[in-house]
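My numbering numbers the first residue of the sequence shown as 12 and each following residue consecutively. Ideal placement from N, C-alpha and C gives every residue a C-beta, glycine not left out. Every value quoted in this text rests on a predicted model; they were computed, and no experiment measured them. First up is the structure itself, then whatever we jot down about it.
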Amino acid sequence: MSPTKADFKAVLSQARDLVKVELDKTEQVIMQVAKNAPAGISDRLVTLFSRKGKRIRSTLLCLLANCGTQKPDIDRVAHACAAVELLHLASLVHDDIIDGTDVRRGQKTAHREWGTQVAVLIGDYVLSQSMRCVIDEKARNVPVIISDAADKLIIGEIMELDHCGDMGLSRKSYNEIIDGKTAALIDAAARIGGILAGFDQPMVDECAKMGTHFGIAFQIIDDLLDYGYGSVNMDKAKFTDLSNGLITLPLLYYFEDCTVEERREMESFIAKASAEGIPEKIQDRLFAKKSFAKAKAEAQEHLEQALAIADKFPKSNFTEEITAMFASMSERGN
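Below, the structure is given as C-alpha cells:
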C-alpha cells in the first residue's frame, strides 16, 4: 500500500526505495563527474553535488524504466538520470544568481559561496557534463532529448525574465513559460524512462505527455507555495516570486475576475511587492477571489490527466508508485 494522498514526502521516499539501486548508481555517476573535473572545479562540484534535492525527475525516470517486460540496464538508467539531475542543478545555479537567492537546501547558494563569476561558470560546466553523461546513449536519440530539454528550459527562463512585472501576461505566455522552465525536463525524464523500458514509440509519446502534465501541475503547485497556500514546514521563504515581479497563475485568475478598480489596486501592490505588508494584502485579495482554489483545481486537472495515462501502463509496484506520486503531488508542502 502507498502512503496517504496528503503525505507526498512519504510517497516519494517509498518510490525512491523501490528504485534505490538505480538511484545509488546515479549518485555514483554524478560524483564521478566531480572527481573527474579539473582542479579548482572538482572540490566545488563535490560540495554542490552533496546538497541533494528530492530527485523527483530521476525517480520518475527510474520507475518508468522498470515498467517494461525486462529489467533495464542499470548503467544506462543511471547515466540518463545523472544527465537529467545535472541539467536541473545547472538551471538552479543560474536561477539563484538571477533571483539573488542566498540559501538553497539549507546551504549557501553557489554564487554566495564562490561569487557570481565562478558560479556562472560552474553552472555552465555542470550543464556541459549533463550532455556528456548520455553522449554514448544512442537509443532513440536520448542525447537529443536532453539537448532539447535544455533548449526549452533556457527559452522558458528567458521568457519569464522578459515578462517580469508584465501585468498583461497572457495565459498562452504563462503556459509557454512553465512548459519550458519546468515541464520540459520532466517530459524528457519520462520520455527517456519509456525508451529504456523498451516501450514502442506511441507509448513513449504517452510517457512524455504524462510527464508534461505532471510538470505543469508541479509548477502550478509551486506558484501556490510561493504564497504559502497549502504549505506545511516549507524550507523556502514565501513571496519570493512575487517580490521578483513574477506574475503566476493565481494572479492571472485574479485579473480574469476583478473589476477595473481592483486591477488598478492590484497593479499598484505588485509594483511595490517587496514593501512590508504588501504581499499579505495581495494574498488576502487572491483568497477573496478564490484565485488560489482555481489554480489548485487546474493543477489537479493536469494530475488527473497524468494519472489517466499512467493507468495505461502494465500494472506493477513501479506503476503503483508513479500513481501514488501523482495523487499526492497537489498536497506537497515544499
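When the options are compared against residue i, the one with the closest alpha-carbon
| i | options | result |
| --- | --- | --- |
| Leu-235 | His-174, Leu-100, Ile-227 and Leu-260 | Leu-260 |
| Ser-11 | Met-277, Ala-200 and Asp-268 | With the chain running from 12 to 345 in the structure shown, residue 11 is simply not present. |
| Gln-208 | Phe-19, Arg-66, Leu-74 and Gln-39 | One detail in the question is off: residue 208 reads as Ala in this sequence, not Gln. Taking only the C-alpha atoms, the option nearest Ala-208 is Leu-74. |
| Gln-81 | Arg-274, Lys-323, Ile-281 and Phe-210 | Phe-210 |
| Asn-77 | Ala-94, His-105, Leu-29 and Ile-165 | Leu-29 |
| Asp-322 | Gln-311, Ala-335 and Ala-310 | Ala-335 |
| Phe-303 | Ala-160, Ile-109 and Glu-267 | Glu-267 |
| Asn-328 | Phe-19, Lys-20 and Arg-27 | Arg-27 |
| Thr-251 | Asp-106, Asp-54 and Trp-125 | Asp-106 |
| Asp-86 | Asp-147, Gln-212, Gly-256 and Leu-262 | Asp-147 |
| Val-32 | Asp-54, Lys-46, Asp-84 and Asn-47 | Asp-84 |
| Ala-93 | Lys-301, Val-153 and Gly-288 | Val-153 |
| Thr-223 | Ile-206, Ala-195 and Gln-212 | Ala-195 |
| Leu-263 | Gly-241, Ile-289, Gly-288 and Glu-309 | Glu-309 |
| Gly-241 | Gly-79, Gly-288 and Met-340 | Met-340 |
| Met-178 | Phe-280, Ala-121 and Ala-130 | Phe-280 |
| Asp-135 | Ser-102, Ala-21, Gln-25 and Asn-47 | Ser-102 |
Assigned exposure category for residue i - 16 Cβ within 10 Å defines buried
| i | result |
| --- | --- |
| Pro-49 | exposed |
| Gln-39 | exposed |
| Arg-68 | buried |
| Cys-175 | exposed |
| Val-114 | exposed |
| Arg-275 | exposed |
| Gly-64 | exposed |
| Pro-325 | exposed |
| Lys-307 | buried |
| Ile-109 | exposed |
| Lys-36 | buried |
| Gln-230 | buried |
| Ala-286 | exposed |
| Thr-270 | exposed |
| Ser-139 | exposed |
| Gly-79 | buried |
Helix, strand or coil at residue i according to DSSP, with G and I counted as helix
| i | result |
| --- | --- |
| Asp-177 | coil |
| Arg-343 | coil |
| Lys-307 | helix |
| Pro-290 | helix |
| Asp-268 | helix |
| Gly-222 | helix |
| Val-30 | coil |
| Ile-52 | coil |
| Arg-68 | helix |
| Lys-20 | helix |
| Arg-62 | coil |
| Pro-261 | helix |
| Asp-295 | helix |
| Phe-280 | helix |
| Asp-322 | coil |
| Lys-163 | helix |
| Ser-302 | helix |
| Ser-254 | helix |
| Lys-249 | coil |
| Asn-244 | In this prediction, Asn-244 scores a pLDDT of 41, lower than 50, which makes its location untrustworthy; the coordinate-derived value is nonetheless stated afterwards. Reduced to three states, the DSSP call for Asn-244 is coil. |
| Pro-14 | The pLDDT assigned to Pro-14 is 42, lower than 50, so where the model puts this residue is not dependable; a value taken from the coordinates is nonetheless given after this. Pro-14: coil per DSSP, three-state reduction. |
Proximity below 8 Å, CB of residue i to CB of residue j
| i | j | result |
| --- | --- | --- |
| Leu-23 | Ile-333 | no |
| Arg-62 | Gln-118 | yes |
| Lys-163 | Ile-320 | no |
| Ile-258 | Leu-180 | yes |
| Ile-197 | Phe-225 | yes |
| Val-137 | Leu-172 | no |
| Ile-133 | Val-104 | yes |
| Glu-187 | Met-214 | no |
| Val-145 | Ala-228 | no |
| Cys-218 | Gly-239 | no |
| Arg-66 | Leu-34 | yes |
| Lys-192 | Glu-168 | yes |
| Lys-249 | Asp-233 | no |
| Ala-282 | Ser-254 | no |
| Leu-297 | Tyr-265 | yes |
| Leu-318 | Ala-299 | no |
| Ile-156 | Arg-116 | no |
| Phe-19 | Glu-342 | yes |
| Leu-56 | Val-44 | yes |
| Ile-293 | Met-277 | yes |
Residue-level contact to chain C via CB, residue i, 8 Å cutoff
| i | result |
| --- | --- |
| Ala-319 | The chain inventory of the structure shown lacks chain C, comprising one protein chain alone. |
- Message: Going residue by residue through the region 77-159, where are the continuous alpha helix (DSSP H) segments of at least 4 residues, counting only ones entirely within it?
- Response: Listed in chain order, they are 85-110, 121-125 and 127-143.
- Task: Just list the alpha helix (DSSP H) runs in the region 175-214, keeping only unbroken ones of 4 residues or longer that don't cross its boundaries, in chain order.
- Result: You should have 182-189 and 195-208.
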